[in-house]
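Report on one structure; see the data block that follows.
There are 2 protein chains.
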Amino acid sequence: MSDKQPDNSQLADFFPIVNWLKSYTRRDFDGDIFAGIITAILLVPQGIAYAILAGLPPQMGLYASILPTAIYALLGTSRTLSVGPVSIAAIMIASALATPEISALGDSVQSALILAAESGIIMLLMALLQMGGLVNFISHPVLAGFTSGAALLIIANQLPQLAGSKPPSCGFDLACYQHYLQGFNTATLAIAIAALTILIFFGKLLDSLLKKLNLPMTMVTGISKCGPLLAVFLTTLAATYFDLQAQQGISLVGVVPSGFPSLRLDFVDITKWKILLPSAIFIALIAYVESVAIAKVTANLRGEKIAPNQELIALGVANLVTAISGGMAVAGGFSRTMVNFSAGARTQMAMLIAAVILGVSVIFFSGWFANIPKATLAAIIIVAVFPLVHIRNIFHTFNYDRGDGIAELVTLLGVLILGIEKGITLGIILTLASQLRKASHPHIAVVGRIPQTEHYRNIKRHTVEIWHHLLLVRIDENLTFANIGYVEDYLYDELNRQPNIKHVVLIFTSVSDIDTTALEALEKINHALQTSGKTLNISEAKGPVLDKLRKTDFLEQLKPGKVFFRTEDATKELG
Amino acid sequence: MSDKQPDNSQLADFFPIVNWLKSYTRRDFDGDIFAGIITAILLVPQGIAYAILAGLPPQMGLYASILPTAIYALLGTSRTLSVGPVSIAAIMIASALATPEISALGDSVQSALILAAESGIIMLLMALLQMGGLVNFISHPVLAGFTSGAALLIIANQLPQLAGSKPPSCGFDLACYQHYLQGFNTATLAIAIAALTILIFFGKLLDSLLKKLNLPMTMVTGISKCGPLLAVFLTTLAATYFDLQAQQGISLVGVVPSGFPSLRLDFVDITKWKILLPSAIFIALIAYVESVAIAKVTANLRGEKIAPNQELIALGVANLVTAISGGMAVAGGFSRTMVNFSAGARTQMAMLIAAVILGVSVIFFSGWFANIPKATLAAIIIVAVFPLVHIRNIFHTFNYDRGDGIAELVTLLGVLILGIEKGITLGIILTLASQLRKASHPHIAVVGRIPQTEHYRNIKRHTVEIWHHLLLVRIDENLTFANIGYVEDYLYDELNRQPNIKHVVLIFTSVSDIDTTALEALEKINHALQTSGKTLNISEAKGPVLDKLRKTDFLEQLKPGKVFFRTEDATKELG
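Listed below in structure tokens is the structure:
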């Protein structure tokens, strides 16, 4: 980051905007203004749609697209991340609001504000505790399984709306679904099909068509990303012109209050905050992890860097601000960020522009939003989240690493069957447990010398020279309390199988640390070997390991066993 | 174990006694009978003392020394472990019984039986789930800190009894202790000092005296271990002869019912079992971990092996049986096991003999136990647990490994301040968290070649040859979701510092696994390098890692980057 400019580095650490603003050019602005407009065009329908998905009034999605988006632009380290309402956070809010304890609180708007405010505070606390690295403890397979599962939940929730039914909460009760099928409304379905047709046409077909015309890429992106706006415009026009609500009973968004929300602080209520805390923790965690993952994708493409801890601050403040300004919880959105990026955004100026456009829309055009058919929004949501479902990915993962594949599948099924929060918890616990399990079963190899070289390799994998009274064992991990028991058992088993062994050489190429428990075990092993007239030796130990061992009398205890610089030295002397 | 005798291996797996019984000799018996008698002599006062320490009637310690001891002899894999009442389990029972929820249940005898039964069932469940390896997740520093803390708690609890006061529960309230000092009783103190003198004389002085006389070692052990019995005998005689209870107000053990306890099953009560479950889990965990640790000490000395899972079964059944036969929870005792071992025990026959002696004592001599002064038992407990306090050990540990030293100190203080269960939990969480932290900060070194060799070492530690457009990076750990973020940052930082690098070679000597998250990150890194005209290469990759990578198209993606067998090949071609 700004380590090389000591004059303003502190300011720039907290306001990364300073970094790019001082070298901002006209060319940057040309890219940013176009991308900002395109992203704003996407933000309006997404904002309304995701608020409705979360079970909240539409304006909460719009409010979440103004100040929070601008705040992230000032504080965030990603130059292209589009922060605002996102589908995954929306389904998490919906799922939290639907739990009995929370719905018993009443006033779901207030609960949603509390969730956003608490998530923001949690992120800021994590930043304070330098816990940005926590993102590393959710593995990609778990995140992928979670995202697929959440996307499937969203689709299952929105599909009935395409035909005018409310989202069912039937679970595995098939008879229950029949009831919803009866809510079927032809006019709504027609609107939905029209919207889907426009979205799909603009999404893939138009894109490749325009590319064939050799139009500039930003232009292609600009036109093809107008699909959602056009779908909204045309179906709203149809709904208004034919008065479909009164004539055919299709559902519209309804009145969206115009103008800015008044800043509010009336949601501070200890009891409610306590009840909502667990859900807020999950929203904070997922919002943070997904945002950083998305930010890294575009940052890698441009060779920029994301500072995890600063991201926590930026997203934390954005969520506090969304709560105060009457919006829903926010995060970085995948599809919107990709649109912003491919429309040519060069800095967060694009998002500042988008925020201004949203602000203007809310003030002047919110009356126009009332007649948007809900089916159109359902179609937009489905098309937006469909790319997040990666079922085939599970097979790829399984094929490469069985444990990871199982974790991905279990997380996906967990989300679908147990729900959002329990599903991701299950996935995280599973990977941590398997991490500990792997750590307790280190890779150990008995090695021999590859003829005519000084290289020592696994006797099971290579044709090597061995010495019958010499046991060369390479331990491929740090020696800790978690794995030393396994190492001990391995050595004793090997010695029982080969009673003629006189010297054991532990090859420490891969050992960078030996903790107290492991040191005690090595002392015991050495003692046992000496008692039966054998020696324990060490080779290829790294500097820090030897430094640490020299603080103890272990190297003294080893005698006549020795520390050899190279394994070759050990075989020359003992072999 | 018995893998080589397929005929009775299954039987021997479940009854390890079969292994040694079939080759049992007269010589074995000579050792065992002597050790059995000596250990029984220790078991009687310890059994009564530990039951009183736990706040239970004295017979519960005696009952715990009969059937459970015999059960372990049949099922356990250690040939010398003495299972029965132990001090650490006793203080854990006392601490559990003292908590408000549990003391509210009333009938502490029943609660203690439930604790033993539940601990036994938990151990059996752990055995079923093959969780014997769980012992590896409590590091030695945590166990040492816990043991020292528990021993200090026991001493603090028993010290007032030397002077006839009840154990205070004053915590840090000094005024409260004054009240206890007023309970001071001169006769009791005299008895205690007499007992302590005998114990200390027999413990250290007599031992070295007898050794100078060149008596056989078993004889020395036999005589010097009679200290507790002699202390009990002499002080009981004094108490009876001078009628110290009536005349001087000293406390005696009181009536111990004679004969066997009736087997009972009247403690099955779901509500109570639920309330006691958390404490039972801790007792099960500590009883198991401490027993295996002690069993391993003697097993290592004789080159025998402990099978952790079978230990769970043996200790689990022993605890179920102790509950049914009216005893307190049992585990392997450190001092008793060492006495048994050094008195020449060769097999668990010694413990079968001790169990018979205990049984006979309970039937015929329990009347004699009523007049044992409690102060004598307090003296026995203090002398027995004093060697478990290892305060200086913390400094040794800290000096070798700071994190381990802190964990040991925190666990010790946690036990003293927060109590037994919270203290050990704190220690375990601390080590797991530091384990994860270490895992996320792998050791990485930029290496160069040691001149005139084919060896590559850290450029910071050795004088080595380097190539200015070649970056050789050795990663000293498996690549996983937990650490790949760190590796990524490290590489990008290094490349930013050295913009002239053309080829990056990752040396995989220490990498035995690459998980899905890490593979994806490597693909991203490779893509980023290729975009800026650099190549990513791999050297010294192990067989299993290459096998796994070959299942993906990563090696294809690398091109023109290559996989080199040896780092030397890489520098020859790229250097």
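Line by line, the protein sequences are chains A and B. Sequential numbering of the first sequence, starting at 1470, is according to my numbering. Sequential numbering of the second sequence, starting at 1470, is according to my numbering. Backbone N, C-alpha and C define an ideal beta-carbon position, used for all residues, glycine too.
Range covered by the alpha helix (DSSP H) that runs through alanine 1542 of chain A: Sequence index remark: in the first sequence, residue 1542 of chain A carries index 73 (1-based). 1536-1544 is the extent of the alpha helix (DSSP H) around alanine 1542 of chain A.
Residues within the segment 1587-1610 of chain B neighbouring chain A, beta-carbon criterion of under 9 Å: Gly1602, Val1604, Asn1605, Phe1606, Ile1607, Ser1608, His1609, Pro1610
CB contact flag (isoleucine 1517 of chain B, leucine 1531 of chain B, <8 Å): Numbered from its first residue, the second sequence carries residue 1517 of chain B at position 48. Numbered from its first residue, the second sequence carries residue 1531 of chain B at position 62. Taking 8 Å as the Cβ cut-off, isoleucine 1517 of chain B and leucine 1531 of chain B qualify as a contacting pair.
Sheet register partners of glutamate 1934 of chain A (DSSP bridge): For the purposes of this step, residue 1934 of chain A is taken as residue 465 along the first sequence, with counting starting at 1. The partner list for glutamate 1934 of chain A (beta bridge, DSSP) reads A:Arg1918.
Identity of the residue in B:Val1852, B:Thr1546, B:Leu1998 nearest isoleucine 1775 of chain B by Cα: In the second sequence, residue 1775 of chain B corresponds to position 306, counting from 1. Cα-wise, what sits closest to isoleucine 1775 of chain B is B:Thr1546.
Distance between threonine 1549 of chain A and threonine 1986 of chain A (C-alpha atoms, nearest Å): Counting from one through the first sequence, the residue named residue 1986 of chain A turns up at place 517. Counting from one through the first sequence, the residue named residue 1549 of chain A turns up at place 80. Whole-angstrom Cα-Cα distance: 48 Å.
As assigned by DSSP and simplified to three states, the class of phenylalanine 1711 of chain B: Translated into positions along the second sequence, residue 1711 of chain B becomes position 242. In the structure shown, phenylalanine 1711 of chain B sits in coil (DSSP, three-state: anything other than H, G, I, E or B).
Beta-carbon gap between alanine 1800 of chain B and alanine 1756 of chain B smaller than 8 Å: For this step, residue 1800 of chain B is matched to residue 331 along the second sequence. For this step, residue 1756 of chain B is matched to residue 287 along the second sequence. Their beta carbons are under 8 Å apart, which means alanine 1800 of chain B touches alanine 1756 of chain B by this criterion.
Closer than 7 Å at the beta carbon, the chain A residues around glutamate 1759 of chain B: In the second sequence, the residue the question calls residue 1759 of chain B occupies position 290. Under the 7 Å cutoff, chain A gives no residues; its nearest Cβ is about 15 Å from glutamate 1759 of chain B.
Residues near serine 1909 of chain A by beta carbon distance below 8 Å, same chain, minus five either side: Residue 1909 of chain A sits at position 440 when you count from the first residue of the first sequence. So the list reads Ala1951, Asn1952, Gly1954, Tyr1955, once near-sequence residues are dropped.
Leucine 1939 of chain A, DSSP secondary structure in three states: Numbered from 1 along the first sequence, position 470 holds the residue referred to as residue 1939 of chain A. Correct three-state label for leucine 1939 of chain A: strand.
Cβ shell of leucine 1827 of chain B (< 8 Å), same chain only, five flanking positions each side left out: Position 358 of the second sequence holds residue 1827 of chain B. So the qualifying residues of the chain are Ala1509, Leu1512, Val1513, Gly1516, Leu1531, Ser1534, Ile1535, Thr1538.
Histidine 1938 of chain B versus phenylalanine 2023 of chain B: straight-line alpha-carbon distance, rounded: Sequence index remark: in the second sequence, residue 1938 of chain B carries index 469 (1-based). Sequence index remark: in the second sequence, residue 2023 of chain B carries index 554 (1-based). Distance between the alpha carbons of histidine 1938 of chain B and phenylalanine 2023 of chain B is about 23 Å.
Under 7 Å by beta carbon: chain A residues contacting lysine 2020 of chain B: Numbered from 1 along the second sequence, position 551 holds the residue referred to as residue 2020 of chain B. Under the 7 Å cutoff, chain A gives Asn1868, Tyr1869.
One or two residues paired with glycine 1553 of chain B in a DSSP bridge: Working through the second sequence from its first residue, we reach residue 1553 of chain B at position 84. BP columns for glycine 1553 of chain B point to B:Ala1800.
Chain-order list of residues whose beta-carbon lies under 6 Å from that of alanine 1792 of chain A (same chain, five-residue window excluded): Here residue 1792 of chain A refers to the residue found at position 323 when the first sequence is read from its first residue. Leu1582, Ala1585, Ala1586, listed in sequence order.
7 Å Cβ shell around isoleucine 1750 of chain A - same chain, five flanking residues per side excluded: If you number the first sequence from 1, residue 1750 of chain A lands on position 281. Ile1591.
Best match in A:Gln1904, A:Val2032, A:His1931 for proximity to proline 1920 of chain A [C-alpha to C-alpha]: By one-based count along the first sequence, residue 1920 of chain A stands at place 451. Residue A:His1931 is the option with its Cα nearest to proline 1920 of chain A.
Beta-carbon neighbours of phenylalanine 1615 of chain A, restricted to chain B and to distances below 9 Å: As a working note, residue 1615 of chain A is residue 146 in the first sequence. Within chain B, no residue comes near phenylalanine 1615 of chain A; the closest Cβ sits about 14 Å away, beyond 9 Å.
Beta carbon of threonine 1900 of chain B nearer than 8 Å to that of valine 1604 of chain B: Indexing the second sequence from 1 puts residue 1900 of chain B at position 431. Indexing the second sequence from 1 puts residue 1604 of chain B at position 135. No, the pair does not count as a contact, with Cβ atoms beyond the cut-off.
Cβ neighbour criterion (16 or more within 10 Å) applied to valine 1555 of chain B: Taking the first residue of the second sequence as 1, we reach residue 1555 of chain B at position 86. Result: buried.
Minimum Cβ-Cβ distance from alanine 1823 of chain B to chain A less than 8 Å: For the purposes of this step, residue 1823 of chain B is identified with residue 354 of the second sequence, where counting begins at 1. Not an interface residue.
Backbone CA spacing between lysine 2041 of chain A and lysine 2020 of chain A [nearest angstrom]: Taking the first sequence and counting its residues from 1, one reaches residue 2041 of chain A at position 572. Taking the first sequence and counting its residues from 1, one reaches residue 2020 of chain A at position 551. Taking the straight line from one Cα to the other gives about 28 Å.
Beta-carbon contacts of serine 1664 of chain A that lie in its chain and below 6 Å, excluding the five residues immediately before and after: To locate residue 1664 of chain A, count along the first sequence from 1; it is residue 195. Going by the sequence as given, residue 1664 of chain A is alanine instead of serine. Excluding sequence neighbours, alanine 1664 of chain A sits near Ala1700, Thr1704, Thr1845, Ala1848.
Within-8 Å CB hit, alanine 1768 of chain A to chain B: Reading the first sequence from its first residue, position 299 is the one you call residue 1768 of chain A. Chain B, which has no Cβ nearer than 8 Å to the Cβ of alanine 1768 of chain A, makes this no.
Meets three-Cβ-pair contact criterion under 8 Å: the segment 1892-1899 of chain A and the segment 1615-1627 of chain A: yes
8 Å CB neighbourhood of glycine 2044 of chain B in its chain, flanking five on each side removed: Residue mapping note: residue 2044 of chain B aligns to position 575 of the second sequence, counting from 1. Excluding residues within five positions, the ones whose Cβ falls inside 8 Å are Trp1936, Leu1939.
Neighbour list for lysine 1993 of chain B in chain A, Cβ cutoff strictly below 9 Å: Position 524 of the second sequence, counted from the start, is the residue given in the question as residue 1993 of chain B. Under the 9 Å cutoff, chain A gives Lys1765, Val1766, Asn1769.
Proximity of asparagine 1788 of chain B and serine 1551 of chain B at Cβ, strictly below 8 Å: Position 319 of the second sequence, counted from the first residue, corresponds to residue 1788 of chain B. Position 82 of the second sequence, counted from the first residue, corresponds to residue 1551 of chain B. No.
Under 8 Å by beta carbon: chain A residues contacting asparagine 1969 of chain B: Within the second sequence, the letter at position 500 stands for residue 1969 of chain B. Under the 8 Å cutoff, chain A gives no residues; its nearest Cβ is about 16 Å from asparagine 1969 of chain B.
Neighbour flag for glycine 2050 of chain A against chain B, beta carbons, 8 Å: Nothing can be reported for residue 2050 of chain A, as the shown portion of chain A is limited to 1470 through 2044.
Backbone CA spacing between glutamate 1992 of chain B and lysine 2028 of chain B [nearest angstrom]: Walking along the second sequence from the start, residue 1992 of chain B turns up at place 523. Walking along the second sequence from the start, residue 2028 of chain B turns up at place 559. Going from the Cα of glutamate 1992 of chain B to the Cα of lysine 2028 of chain B covers about 12 Å.
Member of A:Glu1963, A:Phe1671, A:Asp1870 whose CA lies at the smallest distance from the CA of cysteine 1695 of chain A: As a working note, residue 1695 of chain A is residue 226 in the first sequence. Comparing Cα-Cα distances from cysteine 1695 of chain A to each of A:Glu1963, A:Phe1671, A:Asp1870, the minimum goes to A:Phe1671.
Reference leucine 1713 of chain B, options B:Ile1669, B:Val1722, B:Phe1729, B:Ala1656, closest by Cα: Locating residue 1713 of chain B in the second sequence gives position 244, where the first residue counts as 1. Cα-wise, what sits closest to leucine 1713 of chain B is B:Ala1656.
Contact between the segment 1816-1824 of chain A and the segment 1499-1507 of chain A (3+ Cβ pairs under 8 Å): yes
Valine 1831 of chain B in three-state terms, based on DSSP: Position 362 of the second sequence, counted from the first residue, corresponds to residue 1831 of chain B. Here valine 1831 of chain B sits in helix by DSSP.
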